[in-house]
Amino acid sequence: MTSTTTTFDDRSPFIQYSHDWRQRGKSVEFDGTTSGTNTPGANATLVFNGTDISVFGTIGSVDYDNMNHHIPPISAYSIDGGGQTIYTAIAFENTTQYNATFFQAAGLAPNVSHTLVITMQNKGSLFLDWIQVESKLDPPAGGSSKNSTTPSPDFDPCEHGGPHCPPSHNPGNSSDHGHDEHSGDSTGEIIAIVLGATSILILLCAIFFFLGKRQRARRLRQRELLDRQTKTETMVSSRGSRSHSYHIGDYPKKLEEGYRGHPQPPQPDTRSWADSWMYALWPRPHSRNKDHDNASTTSFHSGPVFYAQ
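Just so you know, we're using this note's numbering here: the sequence shown kicks off at 9 and counts up by one.
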């Protein structure tokens, strides 16, 4: 039969975990997921049908600068209850190893179901990523594994490097991307920071809007007060100009016009007899206002008349 390759992701339902495993993962890993544990005795079990099997995972870095110190994991692998194969990972400083080969077995009996058991041996950080099985038979019905004649087309095991890959595929030293115990909380922290920054920005915008509105209202009130004061000063100035619009030289003329328009009552004649005699004999110039002359004559003769002896 044609040989097939079956890839089991760490989240495959065919892999059974004890309760001491936690779900982790980064985008550079297979399907963006891993399953990790640091509890001695924690185990994972896979029942498969194939002749060759390989187990891959991630080894965290040892970063003394930021205290992100992962203890290298020690894990044991057994097939069909046989002897255990111990794997001790080697961690590098400031370098995370992706797609590291934890275990390999070949030449298994074909057409027979086998059982792989992975057991954690120490308190290191073991991160299981994916398992690859070479088989001449189809996988058990109902499986969700990925089958192909070559490794899954959407995943290159050497894309991000690893100890089992050629040197040209190794990415070199890089900072640890992290299987920190708190890596799963990074997304929540980012969301909280974004929401907090957005709230602060909205509050600042509201404060600036309120202050600007108050300032515009204050300027409007000052402008209305200034316009009212200017209008009042203009009215007072206009009234003063109308009240003093004639010259002092016009006063006698206006006084004379007032006498003409409103005749005054006759006043008693206080002239002496000599003044009266001289006034009667002395010729008077022609008056421009006959009414005024008559009024003057009437006023003159209203008193006693004296004649010279």
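For every residue, glycine included, the Cβ atom is placed at its ideal position computed from N, Cα and C.
Residue j beta carbon less than 8 Å from that of residue i
i: I82; j: N130; result: yes
i: F64; j: F110; result: yes
i: E142; j: T59; result: yes
i: S69; j: E101; result: yes
Beta-carbon contacts of residue i that lie in its chain and below 6 Å, excluding the five residues immediately before and after
i: T127; result: N51, A84
i: S62; result: Q112, Q140
i: D39; result: D17
i: K239; result: none
i: R224; result: none
Contacts around residue i, its chain only, beta-carbon distance under 8 Å, and the 5 residues preceding and following it disregarded
i: S86; result: Q92, T93, L124, V125, T127
i: L116; result: G58, T59, D60, I61, I87, H122
i: G132; result: N46, H78, I79, P80, P81, I82, A97
Residues sharing a beta bridge with residue i, DSSP
i: E142; result: T13, D60
i: Q31; result: S43
i: S121; result: N57
i: T93; result: Y85
i: E101; result: V70
i: G204; result: G204 is not bridged to any residue.
i: M128; result: S83
i: F218; result: Beta-bridge pairing links F218 to no other residue.
7 Å CB neighbourhood of residue i in its chain, flanking five on each side removed
i: D184; result: With a pLDDT of only 44 at D184, under the threshold of 50, the placement of this residue in the model should not be trusted; the figure read from the coordinates follows. Only G68, S69, D71, N76, N102, T104 meet the Cβ criterion.
i: A99; result: I67, G68, S69, V70, H78, P80
i: L54; result: F16, F22, I23, L124, I139
Within-8 Å CB hit, residue i to chain B
i: L211; result: As a matter of chain content, chain B is missing from the structure shown, which is built from one protein chain.
message: Contact between the region 89-103 and the region 41-49 is defined here as three or more beta-carbon pairs at a separation below 8 Å; is this criterion met?
response: No: the two stretches stay apart, fewer than three of their Cβ pairs being nearer than 8 Å.
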